[in-house]
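Asks: Pasting a structure here, questions to come.
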Amino acid sequence: MSKNMILKGNAHKYGSNINTDEIIPARYLNTSDPAELAKHCMEDLDTEFIKKARAGDFIVAEDNFGCGSSREHAPVSIKAAGLSGVIARSYARIFFRNSINIGLPILECDEAVQKIKTGDALEVDLVTGEIRNLTRKEVYRAQPFPEFMQEIIKKGGLLEYIKSKPSKR
Amino acid sequence: MPQTITERILAYHAGKKAVEPGEFIEPKVDIALGNDVTSPLAIKEFRKAGATKVFDRSKVVLVMDHFTPNKDINSAEQVKFVREFAREQKIKNYFEGATVGVEHALLPELGLVLPGDLVIGADSHTCTYGALGAFSSGVGSTDLAAAMSTGRLWLKVPSAIKFIYKGKLNKWVGGKDLILYTIGMIGVDGALYQTMELSGPVIEKLPMSDRFAMTNMAIEAGGKNGIIQPDAITLEYIKKRAGRSYKLYRSDPDARYAQVIEIDCSKIQPQVSLPFLPSNTKAVRELKRIDIDQVVIGSCTNGRIEDFRIAAKIIKGKKVNPNVRLFIIPATPAVYSQALKEGLLEIFMNAGGVVSAPTCGPCLGGHMGILASGERCVATTNRNFVGRMGHPKSEVYLASPAVAAASAVKGYIAGPDTLR
Chain A
1 MSKNMILKGN AHKYGSNINT DEIIPARYLN TSDPAELAKH CMEDLDTEFI KKARAGDFIV
61 AEDNFGCGSS REHAPVSIKA AGLSGVIARS YARIFFRNSI NIGLPILECD EAVQKIKTGD
121 ALEVDLVTGE IRNLTRKEVY RAQPFPEFMQ EIIKKGGLLE YIKSKPSKR
Chain B
170 MPQTITERIL AYHAGKKAVE PGEFIEPKVD IALGNDVTSP LAIKEFRKAG ATKVFDRSKV
230 VLVMDHFTPN KDINSAEQVK FVREFAREQK IKNYFEGATV GVEHALLPEL GLVLPGDLVI
290 GADSHTCTYG ALGAFSSGVG STDLAAAMST GRLWLKVPSA IKFIYKGKLN KWVGGKDLIL
350 YTIGMIGVDG ALYQTMELSG PVIEKLPMSD RFAMTNMAIE AGGKNGIIQP DAITLEYIKK
410 RAGRSYKLYR SDPDARYAQV IEIDCSKIQP QVSLPFLPSN TKAVRELKRI DIDQVVIGSC
470 TNGRIEDFRI AAKIIKGKKV NPNVRLFIIP ATPAVYSQAL KEGLLEIFMN AGGVVSAPTC
530 GPCLGGHMGI LASGERCVAT TNRNFVGRMG HPKSEVYLAS PAVAAASAVK GYIAGPDTLR
């Protein structure tokens, strides 16, 4: 993720407890090829999603997004489908870790979730955490990540981050 | 500083005297676990990062349990990829074929996880090992890659909810009913990012199989880990299994909890979680008649010998309803062999059930019992999300082995007390 990264796209709004089985059904887990996983992104929640979603778009959801299985294939499928990222009120913890670790931008913002509707044009500044709703001419502010995670994001993922640190062993 | 059992274990592994909720630590891991779905991604990440050797070949455990016996060519290729990595790295604990069992039943059974351990696994039900008084938590593949290469992993110290289970257990009520009831009470994000510490006089009397079923489902309430303080029952379980030293931790009497929840177990009747969330819990007796097409008894939640003893006791001498397919999936080779010795498998087969090799299989909609559109299954597994066991228009009802067995006979969801 480069500095001053501005992401632009339209919102696709969903509810609470969107689980990883809906994001990428297990029947597609016999591969870890991102392009293959992307084809089935969100399939069991909304079969039309992958046809509607354009590169750069955002998934906007309510509470506990990504609950369920530990499959990293879920954030991988969202990223590989060309989505900008996810905005939600809260995330399940494994999905949260996985997204940070693979560099999928995810934001927590109650106000954004309340006000954004499907189809709204959004512009997100990952550095400031500002979410601009171009359709409604509103600005929401996402929770900043803890410093520790900002470092991982800056380095481009967990393993890059580890590589950059002196070995503890 | 007073500490919970979880904080004690985390502090020890981070080389500290104490830790506080919210603190970021980078503890050492005792076991890093992966399966046939999550390991291939982890191995790719491991190599991409330029790592060449795992931190300790005896502390990485790879269990090929999800789509095995390999259900298709892609699955076979994934397992082959992991097998080659295991050979190259001389991983001691690689399980496939005759040695494989459902990971969270297998590891405790083999004594690979012991009290006081810190375990991370690229599988969300890694939280199962908390029943042994260990800290264990599910992570993703990149986290597994990091742990395999460095032997450490970053964690945020969770705050804890203490659950105190009191009262007399009703007939046919066990660990599965208690945890379904608990999740129904607090919701699927009721313990998000938190520890679920399970305690009280009821827990102290529960056998290990019921304790495993409970900690197994901590993730279904969003929990980071579920944990039970080790006691005489724990020690009896690990006595013959432990091949190395271990540590028994306890929560300090003045340890701090974000919340303490008391549960009166005498109010709990056999439970079922209706589609499509594990928190959608009801007592079986409150349900109208719900006809079913399939019953699955198995999984990392309820695939242990005690589970099959309960199911066999209910099914013995009866017939599975002709509209129902009953799948019996012993979680490990040892469970399979013990069930065979005790004549349980014969009871199931005589009743019209089918016995399968150990596998996660249908639990995640992999294979060995996939549902068609409109079909309903009572399963002793842990998730009932949309499409979890097959078609997005199929339905999974979560229940105990007792309820699953009774339902198989009746052809609709029923408690064991409805059988003569």
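Protein sequence lines correspond, in order, to chains A and B.
In terms of the numbering used here, the first sequence opens at residue 1 and continues consecutively.
In terms of the numbering used here, the second sequence opens at residue 170 and continues consecutively.
Even for Gly, the Cβ is constructed at its ideal location relative to N, Cα and C.
Just so you know, these numbers come straight off a predicted model, no measurement behind them.
1. Residues of chain A with a CB under 7 Å from the CB of B/Lys393: which are they?
2. Counting C-beta neighbours from all protein chains within 10 Å, is the total for A/Thr47 16 or more, i.e. buried, or is it exposed?
3. Indicate the three-state DSSP secondary structure (helix, strand or coil) for B/Met386 in the structure shown.
4. In chain A, which residues lie less than 7 Å from B/Asp199 when you measure between Cβ atoms?
5. So A/Ala26 contacts chain B; which residues on that side make the cut at Cβ distance below 7 Å?
6. Using a cut-off of 9 Å between C-beta atoms, extract the partners of B/Gly467 located in chain A.
7. Starting from A/Ser77, follow the alpha helix (DSSP H) in both directions and report where the run begins and ends.
8. Quick check on A/Lys168: does DSSP put it in helix, strand or coil?
9. Kindly indicate which three-state DSSP category A/Thr128 falls into: helix, strand or coil?
10. Is there a Cβ of chain A sitting closer than 9 Å to that of B/His235, yes or no?
11. Leaving out five residues on either side along the sequence, give the residues of the same chain with a beta carbon under 8 Å from the beta carbon of A/Met1.
12. Sorted by chain position, which residues of the same chain lie with C-beta nearer than 7 Å to B/Arg454's C-beta, five sequence neighbours on each side aside?
13. Can you pull the chain B neighbours of A/Cys67, defined as C-beta to C-beta under 8 Å?
14. Could you tell me which of A/Leu83, A/Tyr28, A/Pro144 sits nearest to B/Val206, measuring between CA atoms?
15. 9 Å is my cut-off, CB to CB: does A/Asn10 come that close to chain B?
16. Just the Cα atoms here: how many angstroms apart are B/Pro422 and A/Lys115?
17. What does A/Glu72 touch in chain B if you count any residue whose Cβ is under 8 Å from its own?
18. Please return the same chain residues whose Cβ sits closer than 8 Å to the Cβ of B/Arg494, not counting the five positions on each side in sequence.
19. Taking 8 Å as the cut-off, is the C-beta of B/Leu347 nearer than that to any heavy atom in the ligand ATP?
20. Would you mind giving the Cβ-Cβ distance between B/Asp358 and B/Gly391, rounded to the nearest angstrom? I have them listed as a contact below 8 Å.
21. Who pairs with B/Ala568 in a beta bridge, going by DSSP?
22. Could you spell out where the alpha helix (DSSP H) holding B/Met518 opens and where it closes?
23. Would you kindly work out how many angstroms separate the C-alpha atoms of B/Tyr566 and B/Val572, rounded to a whole number?
24. May I ask you to report which of helix, strand or coil DSSP gives B/Phe215?
25. For A/Glu36, collect the residues of the same chain with a Cβ closer than 8 Å to its Cβ; drop the 5 residues on either side in sequence, then sort them by chain order.
26. Starting from the Cα of B/Glu431, find the closest Cα among B/Ala577, B/Lys331, B/Arg557, B/Ile459 and give me that residue.
27. Got a sec: is the Cβ-Cβ distance from A/Met1 to anything in chain B below 9 Å?
28. Runs of 4 residues minimum, wholly inside the region 441–496 of chain B: which ones carry the alpha helix (DSSP H) assignment?
29. Is the CB of A/Gly170 under 9 Å away from at least one CB in chain B?
30. Let me know if B/Lys228 comes out buried or exposed under the rule of 16 or more other beta-carbons within 10 Å of its beta-carbon.
31. Helix, strand or coil for A/Glu138, going by three-state DSSP, please let me know.
32. Would you decide whether A/Ile131 is buried or exposed? Buried here means 16 or more other CB atoms lie within 10 Å of its CB.
33. Taking 9 Å as the CB-CB cut-off, is B/Gln595 touching chain A?
34. Helix, strand or coil: how does DSSP classify B/Asn262 here?
35. Determine, using beta carbons only, whether A/Val139 comes closer than 9 Å to chain B.
36. Below 8 Å on C-beta distance, what does B/Tyr362 contact in chain A?
Replies: To lay it out plainly:
1. Arg93
2. exposed
3. helix
4. Going along chain A, no residue has its Cβ under 7 Å from B/Asp199, so there is no contact; the nearest lies around 15 Å.
5. Leu533, Gly534, Gly535
6. Going along chain A, no residue has its Cβ under 9 Å from B/Gly467, so there is no contact; the nearest lies around 16 Å.
7. 73–80
8. Confidence at A/Lys168 is low in this model, with a pLDDT of 46, below 50, so its placement is unreliable and the value that follows should be read with caution. Three-state DSSP puts A/Lys168 in coil, outside helix and strand.
9. coil
10. yes
11. Only weak support is given to the placement of A/Met1: the predicted model assigns it a pLDDT of 46, under 50, and the question is left unresolved by the model.
12. Gln438, Gly584
13. Val357, Asp358, Gly391
14. A/Tyr28
15. no
16. 46 Å
17. Thr207, Leu210, Ala291, Gly309, Ser310, Thr311
18. Asp462, Gln463, Val464, Val523, Gly538
19. Because no ligand of any kind appears in the structure shown, any question about the ligand ATP cannot be addressed here.
20. 4 Å
21. B/Val441
22. 513–520
23. 10 Å
24. helix
25. Tyr28
26. B/Lys331
27. Low local confidence applies: a pLDDT of 46 at A/Met1 is under 50, so the model's placement there is unreliable, and no value is given.
28. 468–471, 474–484
29. Only positions 1 to 169 of chain A appear in the structure, and residue 170 of chain A is not among them; the question remains open.
30. buried
31. strand
32. buried
33. Examination of residue 595 of chain B is not possible in this model, given that chain B is present from 170 through 589 alone.
34. strand
35. no
36. Arg93
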